[in-house]
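S.K.: The structure is given below, and queries will be raised subsequently.
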Amino acid sequence: MENHDIVIIGGGPAGMAAAVAAFDSGIKDVVIIDREKEVGGILRQCIHNGFGLHKLGKELTGPEYAHHYQLEVEKRGITVCADTTVLSVTPDKVVTATNTCGILKLQAKAVILAMGCRERSRGALNIPGTRPSGVFSAGCAQKLINCEGYSVGKKVVILGSGDIGLIMARRMSLEGASVEAVCEIMPYSGGLTRNIVQCLEDYGIPLYLNTTVAEIHGNERLTGVTIAEVDERRQVKPETKRYISCDTLLLSVGLIPENELTRGAGIGIDPITGGAVVDENRMTDVSGIFACGNVLQVHDLVDYVSDEAEIAGKGAANYVKGLDRAENRVKAVAGNGVRYVLPQRVNTRGGDTDIFLRVTAPFGKVKFTVKSGDTVIATAVKLRATPGEMEKITLKAAKLRDVDGDIRVDLEEM
Amino acid sequence: MNNMKYTVAVIGVGVIGGMIGRELTRYGIKTVMLEKGNDVALGASKANSGIVHGGYDPEPGTLKAKLNASGVEKLFNTALELNVPIKRNESFVCAFSEEEKEHLDVLYKRGHENGITALEIIDGDKARELEKNLSESVVAALWVKNAGIVCPYELTVASVGNAMDNGASLVTDFEVTSISKNGDAFEITSKDGRTVYADYVINSAGAYSGKIASLVGDDSIEIIPRAGEYLLLDKSEGERVSRTIFQVPTKEGKGILVSPTVDGNLLTGPTAAVVASPANKETTADGMNKVNTLALKSVPTVNFRNVITSFTGVRSSNKDGDFIIGESAACPQFINVAAIDSPGLTCCVSIAEYVIDILKGIGLTLEKSASFNGKRNDPHFFRKMNDDEKNEFIKANPAYGRIVCRCEGISEGEMRYAVRTNPPARDLDGVKRRTRAGMGRCQGGFCSPTVMKLIAEERGIGKEQVTKNGGGSYIVTEKL
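Protein chains in written order, with this note's numbering: chain X, 770 to 1183; chain F, 38 to 517.
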């Protein structure tokens, strides 16, 4: 058994930023474990640009953004244990992992979970039809094209207008494939506006809202899909069925935080975010285990992942130093028009605290009100709010100090 | 392979063909197994309920009743020898009304007539005491204590692998298009012009057995393909029930079941719909809804948001309702093993032994071979090791330390083993059925590019030649 101050599971953007922040907060014995041969996580396959505008003040590609943090990790001499898969984490912070040298066990004082998320698969959608090849999750196709260097098909339909789907519509077009349609079952896209403009509109790719893939055809390779409009209950309207010939179907239908290790450690999960329930330091309900990045909540931008990871890294360092002494935590809950709030527990005697949330549907101008009982803690007005873009509201320390009951965030349309 | 002469050719390599092939090698018979697909277990053997049926269901006096009664223990013993996961998890046949309850008495009596005594009728409360998630509307249940579950495709792979280890040959991508008698021997030719010769032919071609029989002028077999749709749920649902939960059977079949699998998932299904062709393996919105609704009738707490995949299997039924096993009236030395629908999986070993008796009866000399070894090495030896054993093993075999399929925890070493071991996996689905890589929550989203690379390396082919399941099911089109 090796002993370490902080063990971080996952060397993607969250794990690396958390490691750097923990180190800079004074804890030098930090180990990052990653299952791939190189750190960077999913950023390594995201060769498009648009990363780092908020965080680093420059526009980078995914690998460049990852490289920035990789250099910061190397500069500090933080240990990276690559090509190593974590098998389990216990509540008393024993991490068991495997690699080509054998099985290793590490006893940590604090653990930071940064495993990221996975894509929802075809099976989970129950799309009727056959089971040919040529049906990929968008991220899997992205890896095959950008990392392995292979084309996956010539004529493409994409189901789901999440950001990866939109990015892949453009990527497939650039590789000479014809993208016949992007279908979105909801009345609005879950992706960033900038991606709809830059990835679909600029390439003349049609986006069909309220539309889904109703059937999959082909016995060996995919030969086509039937698409159809859906009603308010998201049920297929049979009279709108339409066949599109294609050899490739990409699915970009949602990301699921990958919390199998988290559950194994007995950590409480928020049913809405799919990630752990955490406090303002991103500590879970198991003392000394922290979570950040897409394993905690699915983010729109990697920049925000880095921000969140820094909170967790600092929080874990303070925990190791014995500085976590908050005694006045209250619950933060979602009210009208709000899908979830994170963190779910907030220290009322700490400093200024940012809370993050997503709205339930697209809105125009809205006002958010953060209250505890009848006391207003903060308000914020936004010109528009959509489920695809995370909102942030800062709660001032001075206002929090008087709070002794649960905090609730409500939205009202203006 | 050209002009190869065998004593017996087995056409169609599902669980029946595989078990017959294995049984033949027990007697040192020179055997070839011919398969039209590029792997074994591609028909009903890969897509069925995986149930070891107790034997209460078949009509007394039928071949099904006889082979089921003798088949259960034979299957348990064989699975053990072959290191295939099998579990005696018992089953309930649930009645939801007084009328259905009467039917349980019929099944109970029928069971006893068939020689099955491990049966008990219990009331709804007792049933719920044993299975806490069972519906409140269950009024009574037939408790079948000898029933079990098994992994049907692993059983097929293991039987074929063991047959090959004992000297049998497997020829894949061999779609039989003509069979003629050349002197004493059958001349069997494939679509792509390859030929094998054999003294005896076993027709275990499943849904296509009618078509194969007609090649020797035997038009007596009419297979009615009946499709069954299934929904498979994540392991988080795997403990909803510990027993297999049936509903009182109807004319269409044994109804929708809810069952744990030997791998810890939860399986629901199947529907029963006559289809035009056995190639009709699509799932339908109606079928999936039906499975969902009827499964909830038995076990209302099943969370169908945790479905990880859906699939359809096609049963080879016939009008008569019984297995057709025997030498063809139209063609001597040609043995039909056809219309093997439920409880065919349960009967696979007893059917194989029955076929051996038929061959004996028509003059094939059979003496047990001294070199036959019925045991097969456990392909899952690694996952069964404790941490210390794994540690030692990885030091000598580093590829076992590198996890490729994160959902199921399958290492590179286990995947390479699947490509190197009889019958070798040749594509993504082949590796999946042998190792479970890609069978978990992400359904291969993360691991398939790496599995593809391993298959290409092991087989010495380009990645663009690696398929999902043979034929034109390529994954990537070209190098960019």
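Beta carbons are placed, not taken as given, at the ideal position from N, Cα and C, and that holds for glycine.
Would you list, in chain order, the members of the region 899-910 of chain X that have their beta-carbon closer than 9 angstroms to a beta-carbon of chain F?
M.R.: T899, R900, P901, S902, G903, F905, S906, G908, C909
S.K.: CB-CB under 8 angstroms to F:N434, same chain, minus the five flanking residues each way: which ones, in chain order?
M.R.: G450
S.K.: Check for me: the beta strand (DSSP E) holding F:P297 runs from which residue to which?
M.R.: Counting along the chain, the beta strand (DSSP E) containing F:P297 begins and ends at 294-297.
S.K.: Name the chain F residues that come within less than 8 angstroms of X:V766, Cβ to Cβ?
M.R.: Within the shown structure, residues of chain X are numbered from 770 to 1183, placing residue 766 of chain X beyond reach of any answer.
S.K.: Since X:I1080 is in the beta strand (DSSP E), which residue starts that stretch and which ends it?
M.R.: Element bounds for X:I1080: not the beta strand (DSSP E) but the alpha helix (DSSP H), 1071-1089.
S.K.: Measure the C-alpha to C-alpha separation of F:D236 and F:T115 and round it to an integer number of angstroms.
M.R.: 28 angstroms
S.K.: Check X:Y1012 in the structure and name its three-state DSSP category.
M.R.: strand
S.K.: Should F:I399 go down as buried or exposed, given a rule of 16 or more other Cβ atoms within 10 Å for buried?
M.R.: exposed
S.K.: Could you have a look at F:G265 and say whether DSSP puts it in helix, strand or coil?
M.R.: strand
S.K.: How would you label X:M770, buried or exposed, when you count the other beta carbons within 10 angstroms and need 16 or more for buried?
M.R.: With fewer than 16 other beta carbons inside 10 angstroms of its own, X:M770 counts as exposed.
S.K.: In terms of residues, what are the limits of the beta strand (DSSP E) holding F:S227?
M.R.: 222-227
S.K.: Using a cut-off of 8 angstroms between C-beta atoms, extract the partners of F:P486 located in chain X.
M.R.: C909, K912, L913, C916, E917
S.K.: Within this structure, are the beta carbons of F:D357 and F:K101 separated by less than 8 angstroms?
M.R.: no
S.K.: List the residues of chain X that F:T281 touches, going by C-beta distances under 9 angstroms, in chain order.
M.R.: The contact set of F:T281 on chain X, defined by CB atoms closer than 9 angstroms, is empty, because the minimum CB distance reaches about 22 angstroms.
S.K.: Locate the alpha helix (DSSP H) running through X:Y972, then write down its first and last residues.
M.R.: No alpha helix (DSSP H) holds X:Y972; DSSP gives it neither H nor E.
S.K.: Can you pull the DSSP bridge partners for X:N1050?
M.R.: According to DSSP, which records beta bridges pairwise, X:N1050 is partnered with nothing at all.
S.K.: Under 8 angstroms, do F:Y511 and X:R939 count as touching if we go by C-beta distance?
M.R.: no
S.K.: Could you tell me which of F:K248, F:N423, F:S107 sits nearest to F:G91, measuring between CA atoms?
M.R.: F:S107
S.K.: Taking F:A84 as the reference, which of F:S174, F:T226, F:K318, F:E212 has the closest Cα?
M.R.: Of the candidates F:S174, F:T226, F:K318, F:E212, F:K318 places its Cα closest to the Cα of F:A84.
S.K.: Cβ of F:C479 less than 8 angstroms from any chain X Cβ?
M.R.: yes
S.K.: The region 871-885 of chain X: which residues have C-beta closer than 7 angstroms to a C-beta of chain F, in chain order?
M.R.: G871, I872
S.K.: Just the chain X side, please: which residues come within less than 9 angstroms of F:M325 by C-beta, in chain order?
M.R.: N895, P897
S.K.: Say whether the region 1060-1077 of chain X touches the region 773-789 of chain X, bearing in mind that this needs 3 or more beta-carbon pairs closer than 8 angstroms, one atom from each stretch.
M.R.: yes
S.K.: Using only the alpha-carbon positions, how far apart do X:I1038 and X:R1032 sit?
M.R.: 8 angstroms
S.K.: Count the other CB atoms, across all protein chains shown, that sit within 10 Å of the CB of F:I498; report buried if there are 16 or more and exposed otherwise.
M.R.: exposed
S.K.: Do X:V1047 and X:G1104 have their C-beta atoms within less than 8 angstroms of each other?
M.R.: no
S.K.: Using the Cα positions of X:D793 and F:I440, report the straight-line distance between them to the nearest angstrom.
M.R.: 32 angstroms
S.K.: Is the region 41-51 of chain F touching the region 223-239 of chain F in the sense that three or more CB pairs, one from each, lie closer than 8 angstroms?
M.R.: Short answer: they touch.
S.K.: From the DSSP output, which residues share a beta bridge with F:G350?
M.R.: F:G265
S.K.: Leaving out five residues on either side along the sequence, give the residues of the same chain with a beta carbon under 8 angstroms from the beta carbon of F:K421.
M.R.: D415
S.K.: Helix or strand or just coil, what does DSSP make of X:G1062?
M.R.: helix
S.K.: Measuring CB to CB, does F:M489 end up less than 8 angstroms from F:L465?
M.R.: yes
S.K.: Which class does F:S206 belong to by DSSP, given the choice of helix, strand or coil?
M.R.: strand
S.K.: So which residues on chain F does X:N988 lean against when the C-beta distance must stay under 9 angstroms?
M.R.: A316, K318, G508, G509, S510
S.K.: How close, in whole Å, do the beta carbons of X:M884 and X:V1064 come, if the pair is a contact with beta carbons under 8 angstroms?
M.R.: 5 angstroms
S.K.: Under a CB-based cut-off of 8 angstroms, is F:I492 close to chain X?
M.R.: no
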